[in-house]
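Residue numbers (the numbering used here): 287 to 669. Every residue gets a Cβ at the ideal spot worked out from N, C-alpha and C, and that includes glycine. What follows is one structure encoded as structure tokens, with my remarks underneath.
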Ligand code: ATP
Ligand code: MG
């Protein structure tokens with residue numbers, strides 16, 4: 287019978303909490319497989335899927351390999367533990383050219399033949415069937431694995447499919463990611479979900495200065511990252527009133543700094559409302575004027591909960607590489623305006639001094655502006 291073996295990663299390190307981590311991982315795997323029929327089993331430190339529709343095997347693999355906490359998968363044959371069945375299964379996974387070796391693990395010590403002899407014998411059967419092959423024990427092109435389990439059954443499999451690794455979503459606390467339509471913030475969301483964080487998103491838009499397409503793009507990005515975050519809700523916040531007020535009352539070179547402080551305050555209000563303990567941004571040190579240490583200091587100082595910036599040490603190239611891998615890149619580069627581009631100062635301050643920022647900001651009625659923005663929230667649950 288064809289089965290899928292699922293191996294998990296770091297969680298096995300988590301001593302006493304292992305059950306907790308595993309339960310979350312299992313429920314996440316079951317969540318991404320909710321549209322499939324299968325049987326779920328455990329086999330020491332691995333999970334095994336059985337009795338699924340084999341014509342959908344690729345879709346099942348594709349869903350599970352993106353679940354954080356999953357280390358790798360293999361498609362295997364599960365056969366009774368006798369040499370005849372093992373040999374027949376091994377032939378199915380045998381390559382037709384190049385070099386190979388057979389790797390045997392005998393968990394069932396009652397099985398009469400030692401591992402080395404099993405490997406030698408099955409390797410011989412494979413060579414008989416494929417005379418072009420050569421054995422290479424040290425650097426083979428292909429490995430045929432034989433895993434003789436205690437329950438009288440043996441798994442035989444070939445390649446191992448790498449999965450995303452990381453920690454199961456739901457084990458790393460809750461965070462609010464500030465999701466713009468750009469390249470960086472979806473990658474930041476991915477990085478935190480990879481560490482097990484449950485996320486929701488906040489997006490600031492400045493209708494009518496920013497279009498409905500720009501807003502839709504963010505929802506599209508949210509949908510793509512939902513593949514990793516498992517759930518996704520976006521709070522869309524009207525930001526026009528705040529931007530207009532800053533534009534009218536503050537020196538233009540401080541526009542971005544003050545705007546960012548408002549975004550941070552609002553994100554924190556949303557975080558608290560939903561029991562989230564962190565804010566996530568896509569900032570990368572020095573990337574633009576608002577991402578110098580001085581700018582980050584000015585923005586950060588309004589936050590009372592941790593602000594995570596998982597991309598802080600990444601180059602743009604590295605960020606782009608991840609965005610391509612997670613499939614957000616093409617959507618992120620669509621040419622829509624962002625709310626940060628309206629009223630954009632010609633020469634933004636690159637090294638704002640906090641005392642000065644506080645002074646220029648003091649002409650604004652911060653509390654009322656924040657309250658109004660919170661009241662404007664439109665919550666979109668991504669299906
Ligand atoms: P990105 O590629 O994520 O848009 P960026 O390089 O354009 O980032 P900035 O515009 O300086 O950089 O934004 C820095 C961070 O602030 C973003 O990564 C995002 O987390 C947050 N941010 C910016 N604009 C918005 C917005 N309109 N809504 C929500 N968050 C935003
Ligand atoms: Mg941007």
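Around the beta-carbon of residue 489, 16 or more other beta-carbon atoms lie within 10 Å, marking it buried. Separation of residue 341 and residue 444 (C-alpha to C-alpha, rounded to the nearest whole angstrom) is 19 angstroms. Look at residue 342 here: in three-state DSSP terms it is helix. Check the Cα spacing between residue 433 and each of 353, 399 and 521: the tightest is with 399. Taking 3 residues as the minimum length, the beta strand (DSSP E) runs contained wholly in the region 372-414 are 385-392, in order along the chain. Distances between the C-beta of residue 338 and the heavy atoms of the ligand ATP are all 8 angstroms or more. According to the DSSP assignment, residue 294 belongs to the beta strand (DSSP E) that extends over 288-294. The three-state secondary structure of residue 449, taken from DSSP, is coil. For residue 472, the shortest C-beta to heavy atom distance toward the ligand ATP is below 8 angstroms. Here residue 460 really is in contact with residue 483; their C-beta atoms are around 7 angstroms apart, less than 8 angstroms.
Annotation for residue 489 indicates a beta carbon within 8 angstroms of some heavy atom of the ligand ATP. Taken from the Cβ of residue 503, every heavy atom of the ligand ATP lies 8 angstroms or farther away.
Taking residue 349 as reference, the option from 318, 363 and 359 with the minimal CA-CA separation is 318.
In this chain, the beta strand (DSSP E) harbouring residue 431 covers 428-434. Note that the C-beta distance between residue 377 and residue 291 is not below 9 angstroms. By the Cβ test, the region 583-595 is not in contact with the region 611-628, since fewer than three Cβ pairs between them sit closer than 8 angstroms. Below 8 angstroms, enough C-beta pairs join the region 470-477 and the region 593-610 to call them touching: three or more. The DSSP-derived three-state label of residue 608 is helix.
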